[in-house]
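Novice:
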Amino acid sequence: MKREYHYFLNEDEITKEREEEIIDKLAREIYKRQLEVPAIFLGEIAKPFSFILSSIVHGANPILSPFLDFKTVEQYAFFIEKRANIEKIQCRLEEMKAKEPKKGFFR
2 MKREYHYFLN
12 EDEITKEREE
22 EIIDKLAREI
32 YKRQLEVPAI
42 FLGEIAKPFS
52 FILSSIVHGA
62 NPILSPFLDF
72 KTVEQYAFFI
82 EKRANIEKIQ
92 CRLEEMKAKE
102 PKKGFFR
């Protein structure tokens with residue numbers, strides 16, 4: 002479904018390859034910080050509100066633009082808008098956790 006109110010970036014400009022890059026980057030950063038369980042939990046909570054979260058990111062774009070590229074923020078907003086992408090991040094985190102060798106209480 003294409004929306005007409007996005008003036009700067011079309012949803013079509015986010016390719017599947019770019020979506021995979023974002024998924025990989027987010028999953029690696031979450032895994033590196035050992036936040037898999039909270040991320041999966043918050044992902045389940047955030048899925049129904051993905052469109053609202055996307056709108057918040059669009060609104061925060063002028064604030065985030067000094068730190069990130071305008072187009073990058075727009076891409077993340079469109080990325081969050083799709084519920085399937087949140088599910089993909091959760092699946093990637095579960096895969097990374099399953100590949101991890103079993104150790105004691107701490108890594």
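Residues in the sequence shown are numbered consecutively from 2, following our numbering. Backbone N, C-alpha and C fix where the C-beta goes; we use that ideal spot for every residue, glycine too.
Quick check: the Cα distance between lysine 33 and serine 55, rounded to an integer number of angstroms?
Specialist: Along the sequence shown, read from residue 1 onward, the residue named residue 33 stands at position 32. Along the sequence shown, read from residue 1 onward, the residue named residue 55 stands at position 54. If I take the Cα positions, the gap works out to 25 Å.
Novice: Mind listing, in chain order, the continuous alpha helix (DSSP H) runs of no fewer than 4 residues lying wholly within the region 30-86?
Specialist: Complete alpha helix (DSSP H) runs here, min 4: 37-47, 51-60, 62-65, 71-82.
Novice: Would glutamate 5 be called buried (16 or more neighbouring beta carbons within 10 Å of its own) or exposed?
Specialist: Sequence index remark: in the sequence shown, residue 5 carries index 4 (1-based). Legend: pLDDT at glutamate 5 = 48, less than 50; position of this residue unreliable, value from coordinates given subsequently. It counts as exposed.
Novice: Report buried or exposed for leucine 27, applying the criterion of at least 16 other Cβ atoms within 10 angstroms of its Cβ.
Specialist: As a position in the sequence shown, residue 27 is number 26, starting the count at 1. Leucine 27 should be labelled buried.
Novice: Is there contact between the region 13-26 and the region 36-55, where contact requires at least three CB pairs shorter than 8 Å?
Specialist: No contact exists between the region 13-26 and the region 36-55.
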